[in-house]
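> Sequential numbering from 4 applies to the sequence shown in this note's numbering.
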Amino acid sequence: MPVRQSFIPVAPDGEFPLQNLPYGVFQPPTGDPRVGVAIGDQVLDLAALWRAGAFAGTAVEGEPVFHQGALNAFMALGRPAWRQVRDRITELLAADGGSSLRHDAALRAAALLRQDAVTLQLPAVIGDYTDFYASRDHATNVGTMFRGADQALMPNWLHLPVGYHGRASSIVVSGTPVRRPWGQTKDAADPAPRFEPTRELDFELEMGALIGSGNPWGESIPTASALDHVFGLVLVNDWSARDVQRWEYVPLGPFLAKNFATTLSPWVVPLDALEPFRVNGPAQVDPTPLPYLRGAERSWFDVQLEVLLQSAAMRAQDAGAQLSLCRTSFRHMYWSIAQQVAHHTMGGCNLRPGDLLASGTISGPTPAERGSLLEIAWRGSQPITLPTGETRSFLADGDRLTLRGWCQGDGYLIGLGECSGEVLPAHAGD
Ligand code: CA
4 MPVRQSFIPV
14 APDGEFPLQN
24 LPYGVFQPPT
34 GDPRVGVAIG
44 DQVLDLAALW
54 RAGAFAGTAV
64 EGEPVFHQGA
74 LNAFMALGRP
84 AWRQVRDRIT
94 ELLAADGGSS
104 LRHDAALRAA
114 ALLRQDAVTL
124 QLPAVIGDYT
134 DFYASRDHAT
144 NVGTMFRGAD
154 QALMPNWLHL
164 PVGYHGRASS
174 IVVSGTPVRR
184 PWGQTKDAAD
194 PAPRFEPTRE
204 LDFELEMGAL
214 IGSGNPWGES
224 IPTASALDHV
234 FGLVLVNDWS
244 ARDVQRWEYV
254 PLGPFLAKNF
264 ATTLSPWVVP
274 LDALEPFRVN
284 GPAQVDPTPL
294 PYLRGAERSW
304 FDVQLEVLLQ
314 SAAMRAQDAG
324 AQLSLCRTSF
334 RHMYWSIAQQ
344 VAHHTMGGCN
354 LRPGDLLASG
364 TISGPTPAER
374 GSLLEIAWRG
384 SQPITLPTGE
394 TRSFLADGDR
404 LTLRGWCQGD
414 GYLIGLGECS
424 GEVLPAHAGD
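1. Taking Cβ positions, are W250 and T188 nearer each other than 7 Å?
2. Comparing C-alpha positions only, which one of P368, S366, E203 sits nearest to A399?
3. Quick one: Cα of Q30 to Cα of Q307, how far?
4. Jot down the residue ranges of each uninterrupted beta strand (DSSP E) in the region 352 to 389, minimum 3 residues, whole runs only, in chain order.
5. Between L406, T122, Q8, which has its C-alpha nearest D99's C-alpha?
6. To which residues does DSSP link L416 through a beta bridge?
7. Quick check on DSSP: helix, strand or coil for E199?
8. I believe Y132 touches L354 by the beta-carbon criterion, under 8 Å. Please report the beta-carbon distance rounded to the nearest angstrom.
9. Assuming F69 and L49 are in contact, meaning their beta carbons sit under 8 Å apart, how far apart are those beta carbons, in whole angstroms?
10. Where D435 and R91 are concerned, what is the direct C-alpha to C-alpha distance, given to the nearest angstrom?
11. Of all the options A152, P180, R89, which has the alpha carbon lying nearest to the alpha carbon of C422?
12. Measuring alpha carbon to alpha carbon, tell me which residue in P32, I42, P5 is nearest G17.
13. Starting from D134, trace the beta strand (DSSP E) both ways and give me its first and last residue.
14. CA-CA distance, L293 and H346?
15. Could you round the C-beta distance between S138 and H335 to whole angstroms and report it? I think they count as a contact, below 8 Å.
16. Which residues end up in the neighbourhood of ligand 1 when you take C-beta atoms closer than 6 Å to any of its heavy atoms?
17. CB A229 to CB V344, shorter than 7 Å?
18. Which residues bound the alpha helix (DSSP H) around D275?
19. Use the C-beta contact count for L213: other C-beta atoms within 10 angstroms, 16 or more gives buried, fewer gives exposed.
20. Enumerate in chain order the residues of its own chain whose CB-to-CB distance from D231 is below 7 Å, with the five nearest sequence positions on each side excluded.
21. How big is the Cα-Cα spacing for R117 and V40?
22. Just to check my reading of the structure: A316 and E393 have Cβ atoms closer than 8 Å, yes? What is that Cβ distance to the nearest angstrom?
23. Under a Cβ-count criterion, where at least 16 other Cβ atoms within 10 Å of its own Cβ denotes burial, should N23 be classed as buried or exposed?
24. List the whole-angstrom C-beta distance separating Q87 from V28, where the pair is believed to meet the contact cut-off of C-beta under 8 Å.
25. Helix or strand or just coil, what does DSSP make of T434?
26. Runs of 4 residues minimum, wholly inside the region 67 to 148: which ones carry the alpha helix (DSSP H) assignment?
27. Any idea if Y136 is buried or exposed, counting beta-carbon neighbours within 10 angstroms, 16 or more meaning buried?
28. Taking A57 as the reference, give the member of L110, L21, G166, W160 with the closest Cα.
29. Return yes when the Cβ of Q342 is within less than 7 Å of the Cβ of L274, no when it is not.
30. Since E421 sits in a beta bridge, which residues does DSSP pair it with?
31. Would you call the region 166 to 176 and the region 264 to 273 in contact, with 3 or more CB pairs under 8 Å?
32. For a quick check, are the C-beta atoms of A244 and P184 less than 7 Å apart?
33. Going by the beta-carbon positions, is the gap between V239 and V271 smaller than 7 Å?
Structure below.
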């Protein structure tokens, strides 16, 4: 069956075909920020379409949820409303449809803008941010480095999705430069801690689930219906200062090593677009999870992931040069998003629209699938060499780090867009 096309042309390897329709928040050249959908190299202004009556007969007909600088109000409406709106946008953009948009030049002029003419913002007001530690390969790599292969996984790891409450205020949108933080560090040989810019700035390849409809305080979300509460997925870079982390993390986990910045991709890919890419995860049989974590069949997603690095020297030689550091898939996670949501709410913790649940670093089973420099350069013992001859164990000032993600469909591609940031030098000391 031929793949359904939009009347706006999309290249065969384009990230934003009719099958994707990711939501974002954009600042147009004039006017206030509002909600849009990416199609090809354009952004569809949903506020303009709403004003023109294009959502009549849907759940948002009387709800100005798109005239806002955040997706939260739309997210709160729940999956039936998201499906109605997605179906309506599909009909408006389909090349084989008799849509008002296709045949109305004035409406097209009002509602379609080039993506390079707008500024993308964070897609939601993120009230709470939780970060998990759910890749067995990542946890095994890090555990092996610090405790040895025999004790790589802590005793709880195969029984529950380990996580911690992160910091929402310092989440930034892709493209925002990230300044190297200062912090306390202490190497084994140091008699006392030092205060200095981190020498071990790292990235973490992660995906994030943005919560749509939440749960009332005191109630929990079952694993089997947990994905109904997830609005969509984004790419996440959990920037990390490893030397700061090593000194501060005992006994409550990372704190300042993580709270200076977390970068998100701007386009939220709806779970409905990712439905064909749902898969089963690894067998969870030894041990079998407790009953409240069962029922997670097909709650993993086969999203291809890549991490790209460009140093300042590489950029000076060739503006487009990038070195691929990692290629893996989100499907390798041990704990799925559904299990993370169920575990998070099991004691009655309420999730709210716009909350971010990040997956934890995603590493796959082979060395080419390691999702952090800590693992790629194996704690500094195997530095990587860049095309310029430079070496890296951790990130240097001027490095630009980009995460990409996509799902290869039958005749189309679902792109996650990109999640990038450049490392700025630390502030000068006194
Ligand atoms: Ca992390």
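Ideal Cβ positions, reconstructed from N, Cα and C, are used throughout, including at glycine.
As the structure is a computational prediction, the values presented were derived from the model and not from experiment.
From the atom records:
1. By the CB criterion at 7 Å, W250 and T188 fall inside the cutoff.
2. E203
3. When only Cα atoms are considered, Q30 and Q307 end up about 29 Å apart.
4. 359 to 361
5. Q8
6. In DSSP, L416 forms a bridge with Q411.
7. strand
8. In fact, because the Cβ distance is near 11 Å, the residues do not count as touching under 8 Å.
9. 4 Å
10. Residue 435 lies beyond the range of the chain shown here (4 to 433); nothing can be said about it.
11. P180
12. Nearest option by C-alpha distance: I42.
13. 132 to 135
14. Taking the straight line from one Cα to the other gives about 11 Å.
15. Indeed they touch by this definition, with Cβ atoms about 6 Å apart.
16. This selection yields D134, E207, E209, D241, G363, T364.
17. It is a contact, given that the beta carbons lie within the stated cut-off.
18. 274 to 277
19. buried
20. R82
21. Approximately 12 Å between the Cα atoms of the pair.
22. 6 Å
23. Of the other Cβ atoms in all chains shown, 16 or more fall within 10 Å of the Cβ of N23; this residue is therefore buried.
24. Between V28 and Q87 the Cβ distance is about 20 Å, and since that is not below 8 Å, they are no contact.
25. Outside the shown range of the chain (4 to 433) lies residue 434, about which nothing can therefore be said.
26. 75 to 78, 82 to 96, 103 to 106, 108 to 114
27. buried
28. The residue among L110, L21, G166, W160 with its C-alpha nearest the C-alpha of A57 is L110.
29. The Cβ atoms of L274 and Q342 do not sit closer than 7 Å to each other.
30. R407
31. Between the region 166 to 176 and the region 264 to 273, the count of C-beta pairs closer than 8 Å reaches three or more; the two stretches touch.
32. Closer than 7 Å, so yes.
33. no
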